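Numbered per numbering that gives the first Met the number 0, the sequence shown spans residues 0 to 115.
Report on one structure; see the data block that follows.
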Amino acid sequence: MDEILMLTLLYDFYGELLTEKQKQVFELHYQNDLSLSEIGEELSISRQAVRDQLKRTEKILIEYEEKLRLVERFQQQQRSVRKMKSILDEIGTGEISKRTTEAILTMRQIADEILS
0 MDEILMLTLL YDFYGELLTE KQKQVFELHY QNDLSLSEIG EELSISRQAV
50 RDQLKRTEKI LIEYEEKLRL VERFQQQQRS VRKMKSILDE IGTGEISKRT
100 TEAILTMRQI ADEILS
């Protein structure tokens, strides 16, 4: 997975565990696409201070994931639900009872809700 995508996913899961300053620097860089210099100007700190804060924040997010594994579990659940949905799609609703057809359609709907 792309490093930036992974970091933003980690932020989605663990961002509320960061300090306000860590969140601010992370969001300005990764979500607002500001350069380190631009962030430094906006926050009245040096470019190097921004870089250090960003690197510390990235390290903290990675450490949270190493300990808690929430993103890993989430991604595994997503893969499992996609696989389940694929199997349900393969089964189709050909020559089976109405009750079985309804059950398959319900399971497809649940899978879609989980994935959306």
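Backbone N, C-alpha and C fix where the C-beta goes; we use that ideal spot for every residue, glycine too.
Owing to the predicted nature of the structure, the values given are computational and were not obtained by experimental measurement.
*Nearest to Tyr13 (by Cα), restricted to the options Ser43, Ile38, Ile59*: As a first step, residue 13 must be located in the sequence shown, where it is residue number 14. With distances taken between CA atoms, Tyr13 lies nearest to Ile59 out of Ser43, Ile38, Ile59.
*With distances taken Cα to Cα, identify the nearest neighbour of Ser45 among Glu57, Val24, Thr56, Glu65.*
Within the sequence shown, the letter at position 46 stands for residue 45. Selected option, being the one with the closest Cα: Val24.
*How is Ser43 classed by DSSP in three states: helix, strand or coil?*
Taking the first residue of the sequence shown as position 1, residue 43 is located at position 44. Three-state result, Ser43: coil.
*For Leu35, collect the residues of the same chain with a Cβ closer than 8 Å to its Cβ; drop the 5 residues on either side in sequence, then sort them by chain order.*
Taking the sequence shown and counting its residues from 1, one reaches residue 35 at position 36. In chain order, His28, Arg46, Val49, Arg50, Leu53 place their CB closer than 8 Å to the CB of Leu35, counting only its own chain and leaving out the 5 sequence neighbours on each side.
*Apart from the five residues on each side of it in sequence, which residues of its chain come closer than 8 Å, Cβ to Cβ, to Ser43?*
Here residue 43 refers to the residue found at position 44 of the sequence shown. Closer than 8 Å at Cβ, skipping near neighbours: no residue.
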